[in-house]
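Have a look at the structure below, then the notes.
There are 2 protein chains.
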Amino acid sequence: MYHEVAEELIQDILANKYTDKLPTEKELVEQYQVSRNTIRKALDVVFAHGMLRRVRGSGYYIIKKPLQSQTVLNLSIGFDKNSMVSGGPLRSKVVLFDVIEADDELARRGNVHVGEKMYQVVRLRYLKDKLYSLEESYFPRAVVPFLSQESVEHSIFSFLKEAYQITGNTSENYVHMQALTARQAELMERRKDEQIMCLDGINYLASGKVFNFSRTYFAYPDLALYYHTQSLDI
Amino acid sequence: MYHEVAEELIQDILANKYTDKLPTEKELVEQYQVSRNTIRKALDVVFAHGMLRRVRGSGYYIIKKPLQSQTVLNLSIGFDKNSMVSGGPLRSKVVLFDVIEADDELARRGNVHVGEKMYQVVRLRYLKDKLYSLEESYFPRAVVPFLSQESVEHSIFSFLKEAYQITGNTSENYVHMQALTARQAELMERRKDEQIMCLDGINYLASGKVFNFSRTYFAYPDLALYYHTQSLDI
DNA sequence: TTTCATTTGTCCGTATGTATC
DNA sequence: CGATACATACGGACAAATGAA
Numbered sequence: 001m002y003h004e005v006a007e008e009l010i011q012d013i014l015a016n017k018y019t020d021k022l023p024t025e026k027e028l029v030e031q032y033q034v035s036r037n038t039i040r041k042a043l044d045v046v047f048a049h050g051m052l053r054r055v056r057g058s059g060y061y062i063i064k065k066p067l068q069s070q071t072v073l074n075l076s077i078g079f080d081k082n083s084m085v086s087g088g089p090l091r092s093k094v095v096l097f098d099v100i101e102a103d104d105e106l107a108r109r110g111n112v113h114v115g116e117k118m119y120q121v122v123r124l125r126y127l128k129d130k131l132y133s134l135e136e137s138y139f140p141r142a143v144v145p146f147l148s149q150e151s152v153e154h155s156i157f158s159f160l161k162e163a164y165q166i167t168g169n170t171s172e173n174y175v176h177m178q179a180l181t182a183r184q185a186e187l188m189e190r191r192k193d194e195q196i197m198c199l200d201g202i203n204y205l206a207s208g209k210v211f212n213f214s215r216t217y218f219a220y221p222d223l224a225l226y227y228h229t230q231s232l233d234i
Numbered sequence: 001m002y003h004e005v006a007e008e009l010i011q012d013i014l015a016n017k018y019t020d021k022l023p024t025e026k027e028l029v030e031q032y033q034v035s036r037n038t039i040r041k042a043l044d045v046v047f048a049h050g051m052l053r054r055v056r057g058s059g060y061y062i063i064k065k066p067l068q069s070q071t072v073l074n075l076s077i078g079f080d081k082n083s084m085v086s087g088g089p090l091r092s093k094v095v096l097f098d099v100i101e102a103d104d105e106l107a108r109r110g111n112v113h114v115g116e117k118m119y120q121v122v123r124l125r126y127l128k129d130k131l132y133s134l135e136e137s138y139f140p141r142a143v144v145p146f147l148s149q150e151s152v153e154h155s156i157f158s159f160l161k162e163a164y165q166i167t168g169n170t171s172e173n174y175v176h177m178q179a180l181t182a183r184q185a186e187l188m189e190r191r192k193d194e195q196i197m198c199l200d201g202i203n204y205l206a207s208g209k210v211f212n213f214s215r216t217y218f219a220y221p222d223l224a225l226y227y228h229t230q231s232l233d234i
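Protein sequences appear in the order of chains A and B.
Just so you know, the first sequence maps onto residues 1 to 234 in the UniProt record's numbering.
Just so you know, the second sequence maps onto residues 1 to 234 in the UniProt record's numbering.
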């Protein structure tokens, strides 16, 4: 229920229904006909998306993000939603689609067993006909028994949700610099050994099983990763 | 109150008091003599730190982070705590300590007014005698009337907390690539125009005022920025 | 396979504290 | 100072997933 309220608030903010301040909790309670606790839970979600600043005794203020970068990827929201970049939709070009067994390094990176069979998907992704990223992702077959060619060319996460009701629960992510291999450099039309920013992510089901992990190399110029925190002043 | 519980749980986890699973909520309720809601609030905090995986019907499992990188900076916790890197404490070498007026670019980056007077602090930071980062930070004098030389050489945030009870409430952060200027390259002993990973952060008071913003260029090899999310499956 | 106790998730109502205006 | 608005805490109820009997 608080999910629905949160989603509606987010959509309303994106649609500029509220441009400066949100209604008070009391008003939202009346508007949505739910308890104050539920409203606050929903506001927690919106806040976690980095869209609000909350001031005790005053109210909830909408954060107008300084568009200092052309493209901003919001780390504060779920990984699967990261496909929705503010600049527009991403096109995919599949480079590799195969089944492999995890070697030592992949097993460590993906928190899976060595030798475990996984789908391997390598894709180049484009934003406005410009190379956005090179994405190497893996789906253990123990959890994902089948992956269609069609889904790989479009949205894998949508396919998993519709076909198997597989939805990500939590994710662990690492941003770091990485040197390109010859093969990667060729695909991205970059120099070999060039240092590039990349994002390693592991996605878990609610049960704690890994259903996907990936490494994404970012090529888009002037790309920024955004996140938002609240101090806990302990 | 839930802050105290959260802090104690975090310390206990770091001290390996719990290595695999946390006690159940019911047990924690008895242990801490607070309501279940309070325990759950505390667990939310620990979870937000990226230390837990929660499984309905089963329990709270402790995340053992794969130490794939020597140094991991946890973005999920507050910016001020980012000074505590897992590899050890940071030493500072002050390069510049001055009062300047915000120009166009700084005003935009820091969400302040053009011409606003601010302390400017540029520091090289070292981890185990190895260059860790170059940090350029700014403190608007409207909020921070005085900054001592001593604090700049050590912990500015601690000083602000003790002297003025100034504590960060929320922060907005951007990770991106940036080319080094000649001056920066010289300080970091790098090539001019080299692309390097950096973190732009703005820190707000509870009132919504900016009391600090900064840009940090990361030099340490094999450094990773970590963050953790929970999907909201709306 | 079904059942059932355990454990976490959601929602409610209420009360009190604290910062803002 | 008083009214408003967000923060914290409690207790209770039921839902949903897990895991063992």
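Idealized CB from N, CA, C, for every residue including glycine.
Length of the line joining the Cα atoms of residue i and residue j
{"i": "tyrosine 61 of chain A", "j": "leucine 75 of chain B", "result": "23 Å"}
{"i": "isoleucine 196 of chain A", "j": "tyrosine 220 of chain B", "result": "15 Å"}
{"i": "aspartate 200 of chain B", "j": "tyrosine 217 of chain B", "result": "9 Å"}
{"i": "arginine 40 of chain A", "j": "valine 34 of chain B", "result": "21 Å"}
{"i": "alanine 224 of chain B", "j": "leucine 180 of chain B", "result": "20 Å"}
{"i": "tyrosine 32 of chain B", "j": "valine 45 of chain B", "result": "16 Å"}
{"i": "histidine 113 of chain A", "j": "cysteine 198 of chain A", "result": "23 Å"}
{"i": "aspartate 233 of chain B", "j": "histidine 154 of chain A", "result": "Confidence in aspartate 233 of chain B is poor, its pLDDT being 49 and thus under 50, which makes the residue's placement unreliable; the coordinate value appears in the next sentence. Going by the C-alpha atoms only, they are around 20 Å apart."}
{"i": "asparagine 16 of chain B", "j": "arginine 109 of chain A", "result": "23 Å"}
{"i": "methionine 51 of chain B", "j": "isoleucine 166 of chain B", "result": "27 Å"}
{"i": "glutamate 7 of chain B", "j": "glutamine 184 of chain B", "result": "38 Å"}
{"i": "aspartate 104 of chain A", "j": "glutamate 116 of chain A", "result": "10 Å"}
{"i": "glutamate 100 of chain B", "j": "alanine 102 of chain A", "result": "One detail in the question is off: residue 100 of chain B reads as isoleucine in this sequence, not glutamate. Using only the alpha carbons, I get a separation of about 55 Å."}
{"i": "valine 5 of chain A", "j": "serine 207 of chain A", "result": "26 Å"}
{"i": "isoleucine 202 of chain A", "j": "asparagine 203 of chain B", "result": "29 Å"}
Three-state secondary structure (DSSP) of residue i
{"i": "valine 122 of chain B", "result": "strand"}
{"i": "threonine 71 of chain B", "result": "strand"}
{"i": "methionine 188 of chain B", "result": "helix"}
{"i": "alanine 206 of chain A", "result": "coil"}
{"i": "lysine 117 of chain A", "result": "strand"}
{"i": "leucine 9 of chain B", "result": "helix"}
{"i": "leucine 131 of chain B", "result": "strand"}
For residue i, the first and last residue of its enclosing alpha helix (DSSP H)
{"i": "alanine 163 of chain B", "result": "156-164"}
{"i": "tyrosine 32 of chain A", "result": "25-32"}
{"i": "isoleucine 39 of chain A", "result": "36-48"}
{"i": "alanine 107 of chain A", "result": "104-110"}
Opposing strand residues paired with residue i [DSSP bridges]
{"i": "threonine 229 of chain B", "result": "A:Ser171"}
{"i": "serine 214 of chain A", "result": "A:Ser137 and A:Gly201"}
{"i": "alanine 224 of chain B", "result": "A:His176 and B:Val72"}
{"i": "valine 144 of chain A", "result": "DSSP, once it has assigned bridges, lists no residue as partnering valine 144 of chain A."}
{"i": "isoleucine 196 of chain B", "result": "B:Gln178"}
{"i": "lysine 21 of chain A", "result": "A:Tyr61"}
Nearest neighbour of residue i, chosen from the options [CA to CA]
{"i": "glutamate 162 of chain A", "options": "A:Glu172, A:Ser151, A:Ala206 and A:Gly201", "result": "A:Ser151"}
{"i": "valine 29 of chain A", "options": "A:Phe213, A:Ala42 and A:Phe157", "result": "A:Ala42"}
{"i": "tyrosine 18 of chain A", "options": "A:Ile63, A:Asp104, A:Asn203 and A:Tyr174", "result": "A:Ile63"}
{"i": "glutamate 189 of chain B", "options": "B:Leu134, B:Asn37, B:Arg56 and B:Ser207", "result": "B:Leu134"}
{"i": "phenylalanine 47 of chain A", "options": "B:Ala107, B:Glu172 and B:Arg215", "result": "B:Glu172"}
{"i": "leucine 22 of chain A", "options": "A:Tyr2, A:Arg54 and A:Met1", "result": "A:Arg54"}
{"i": "aspartate 222 of chain A", "options": "A:Leu127, A:Val5, A:Ser137 and A:Leu106", "result": "A:Leu127"}
{"i": "leucine 73 of chain A", "options": "A:Arg141, A:Tyr132, A:His3 and A:Tyr204", "result": "A:Tyr132"}
{"i": "glutamate 136 of chain A", "options": "A:Ala142, A:Tyr174, A:Val95 and A:Asn169", "result": "A:Val95"}
{"i": "alanine 107 of chain B", "options": "B:Asn212, B:His228 and B:Thr229", "result": "B:Asn212"}
{"i": "valine 175 of chain B", "options": "A:Arg36, A:His228, A:Ile13 and A:Met118", "result": "A:His228"}
{"i": "isoleucine 13 of chain B", "options": "B:Met118, B:Phe157, B:Lys26 and B:His49", "result": "B:His49"}
Terminal residues of the beta strand (DSSP E) in which residue i lies
{"i": "tyrosine 61 of chain A", "result": "59-62"}
{"i": "lysine 93 of chain B", "result": "90-101"}
{"i": "arginine 53 of chain B", "result": "52-55"}
Residue i CB to nearest heavy atom of the ligand GTP below 6 Å
{"i": "serine 148 of chain B", "result": "The model depicted lacks the ligand GTP and carries no ligand whatsoever."}
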